[in-house]
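So the structure is just underneath, and the comments pick up after that.
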Amino acid sequence: MKLNRRKFIKRLVIAIASVEAFFLVRHGITKKTAVINKESLVFVGEESKFFKNNTYPFLSDQFYLKRFDDGGFMAFSVKCTHLGCVVNINTKTGGFNCPCHASRFDSYGNVLSAPAARPLDIFPIVVKGKELYVNTQKAIIRQSFDQKQITYV
Ligand code: FES
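Numbers 204 to 356, taken from the working numbering, label the letters of the sequence shown in order.
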């Protein structure tokens with residue numbers, strides 16, 4: 204009987220410790236995820252701040268925000284899809300040029316000249332009222348441009 208009570212208490216302690224560990228881990232992960240989500244949405248400004256047919260650099264957050272003639276927006280990764288150099292804005296064409304190995308991209312990020320083999324990655328744009336946010340945690344790797352990739356306010 205004494206042995207059974209010891210076993211019972213031992214199992215009870217293990218069960219309580221397991222439940223506590225579960226909640227500690229779960230709470231810790233939830234808290235961390237919330238922080239990551241908060242950091243990943245970059246506020247870029249109100250829609251009216253951005254002129255049509257212009258590209259705006261957000262280099263510290265690793266993207267260019269482009270507004271097209273029709274008012275739509277796209278957020279392009281600054282990293283060339285060849286080897287990751289930072290591409291520059293081509294002010295004449297509205298596209299992007301890579302200074303490392305001369306890849307060129309059009310205004311939608313499509314490859315105009317190799318060695319890059321696929322379009323610039325893009326980031327989702329989140330619209331809250333008239334405010335624009337870019338989710339820099341979710342780079343979208345593309346094979347081609349699609350009209351659905353443009354965000355409208
Ligand atoms: S890294 Fe851009 S062309 Fe090579």
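Think of the CB as a built atom: it goes at the ideal place given N, C-alpha and C, for glycine as much as any other residue.
Check each candidate in the options and name the one with the smallest Cα separation from residue i.
i    : options                   : result
R345 : C301, N207 and C283       : C283
N313 : S347, Y267, F261 and L286 : S347
F326 : N257, S310, R209 and Q352 : Q352
V290 : F276, F308 and M277       : F308
F246 : D349, K331 and Q350       : K331
M277 : H285, C288 and P260       : P260
V356 : G275, S263 and D349       : G275
T354 : F299, D273 and A320       : D273
N293 : D324, K341, R214 and T258 : T258
A342 : K210, D324 and R208       : D324
So, at 7 angstroms on beta carbons, what are the nonlocal neighbours of residue i in its own chain, with the 5 sequence-adjacent residues on each side left out?
i    : result
V329 : L244, Y336 and N338
T236 : Bear in mind that a pLDDT of 37 at T236, under 50, signals an unreliable position, so the number given afterwards is only what the model happens to contain. Hits under 7 angstroms: none found.
Hey, residue i and residue j are a contact pair by Cβ (cut 8 angstroms); roughly how many whole angstroms apart?
i    : j    : result
K295 : F279 : Wrong, their Cβ atoms sit about 17 angstroms apart, outside the cutoff.
P322 : H285 : No, P322 and H285 are not in contact; Cβ-Cβ is about 12 angstroms, not under 8 angstroms.
Suppose the cutoff is 6 angstroms on Cβ atoms and the five residues either side in sequence are ignored; what does the same chain contact list for residue i look like?
i    : result
G231 : At G231 the pLDDT is 46, less than 50, meaning the model places this residue with poor confidence and gives no usable figure here.
K333 : E249 and E250
G297 : S310
L227 : Low confidence applies to L227: its pLDDT is 46, below 50, so where it sits in the model is not reliable enough to give any reading.
F253 : R270
C366 : It is not possible to answer for residue 366, since the shown part of the chain is limited to 204 through 356.
Could you check where the beta strand (DSSP E) with residue i kicks off and where it finishes?
i    : result
T284 : Careful: T284 lies outside any beta strand (DSSP E) and carries neither H nor E.
E249 : L244 to E249
R270 : F266 to R270
L335 : E334 to N338
K331 : I328 to K331
F261 : N257 to F261
L323 : Taken as a continuous stretch (DSSP letters only), L323 belongs to no beta strand (DSSP E), as it is neither H nor E.
With a CB to CB cut of under 8 angstroms and the five nearest residues on each side skipped, what residues in its chain are close to residue i?
i    : result
Q265 : S280, V281, K282 and T339
S316 : A305, S306 and R307
N256 : R270, F271, D272 and G297
Which residues share a DSSP beta bridge with residue i?
i    : result
V358 : The shown model of the chain, from 204 to 356, leaves out residue 358, and the question about it has no answer.
F254 : Paired residue(s): none; F254 is not in a bridge.
C344 : The question names Cys, yet the displayed sequence has Ile at residue 344. Answer is none; I344 lacks a bridge partner.
N300 : N291 and R307
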